[in-house]
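Heads up, the thing below is written out as structure tokens.
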């Protein structure tokens, strides 16, 4: 067994990122995502890779299609990214930048952070998935333990959601409780397509990852926001709810223990 850590170190100012840039993707990978939650569902996710410039973008949501439609004037339409409140995760490995567009309390936000340093453990175990020979890797990340299967036939250090850093494309990954599961459906080389990120990465407000976690999980913060909108004289009782979602414990919380 060997341990690897994926970290690209660059200087950048996270609070002043502008999105006047493009991703020129040439590889398109479709995943099936199974949510074995209280309301089980299956969705599609698409990973777009600009492998030459070390950029990736992963989107998922209901009715996600595997291609981007062109309008009559040949300008790219962005309905794919807006319809159904799609979630978007854009990574620029040259700038050590991860920008997410997420839905929180029925509103869309932009979340900025450095690309997480994922400490993978690579194991000797292998298996076949269709025609692909896969190798096993494990990971603890933000409160969940994951098992990943990657293919060195595709020497691309990418995967769905925020996963990256293995010496091959992640073909399958799931948490050990089987609550969340991603698996590749198709991989295709495409003609280079340019996407302008500015209209895609829009939200009500831009948050740091700490601000996002506080908004989502700090009951006091959300309680005050909701209570401020209620009529005078209305009393509400605050209840603590368990954490759910992909991320349930963050690095700065781990450091306190």
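In my numbering, the protein residues as written are 345 to 601.
Glycine is no exception: its CB is placed at the ideal position from the N, C-alpha and C atoms.
Rounded to whole angstroms, what's the CA-CA distance from residue i to residue j? Just pull it up for me.
i: residue 460; j: residue 506; result: 8 Å
i: residue 392; j: residue 369; result: 6 Å
i: residue 477; j: residue 371; result: 20 Å
i: residue 519; j: residue 575; result: 43 Å
i: residue 503; j: residue 531; result: 12 Å
i: residue 421; j: residue 597; result: Note that residue 421 has pLDDT 37, beneath the 50 cutoff, so the model's placement of it is unreliable and no number is given.
i: residue 357; j: residue 472; result: Note that residue 357 scores a pLDDT of 33, beneath 50, so its modelled location is shaky and nothing firm can be said.
Residue range of the beta strand (DSSP E) that residue i falls in?
i: residue 431; result: 431 to 436
i: residue 559; result: Here residue 559 belongs to no beta strand (DSSP E); instead the alpha helix (DSSP H) covers 553 to 561.
i: residue 385; result: 385 to 394
i: residue 507; result: Segment: none, residue 507 is in no beta strand (DSSP E) and carries neither H nor E.
i: residue 524; result: 524 to 540
Taking Cβ positions, are residue i and residue j nearer each other than 8 Å?
i: residue 483; j: residue 490; result: yes
i: residue 445; j: residue 589; result: no
i: residue 432; j: residue 544; result: yes
i: residue 458; j: residue 474; result: no
i: residue 480; j: residue 493; result: yes
Please name the residue or residues paired with residue i in a DSSP beta bridge.
i: residue 546; result: Beta-bridge pairing links residue 546 to no other residue.
i: residue 319; result: Residue numbering for the chain in the displayed model covers 345 to 601; residue 319 lies beyond these limits and cannot be assessed.
i: residue 370; result: According to DSSP, which records beta bridges pairwise, residue 370 is partnered with nothing at all.
i: residue 382; result: None, per the DSSP bridge assignment.
i: residue 323; result: There is simply no residue 323 to check, as the chain begins at 345 and stops at 601 in what is shown.
Nearer than 7 Å: is that true of the beta carbon of residue i relative to any heavy atom of the ligand GTP?
i: residue 591; result: Among the components of this structure there are no ligands whatsoever, and the ligand GTP is therefore not found.
Suppose the cutoff is 6 Å on Cβ atoms and the five residues either side in sequence are ignored; what does the same chain contact list for residue i look like?
i: residue 399; result: 367 and 436
Got a sec? Which residues, its chain only, sit under 7 Å from residue i by beta carbon, not counting five neighbours each side?
i: residue 403; result: 389, 390, 425, 430, 431 and 432
i: residue 540; result: 366
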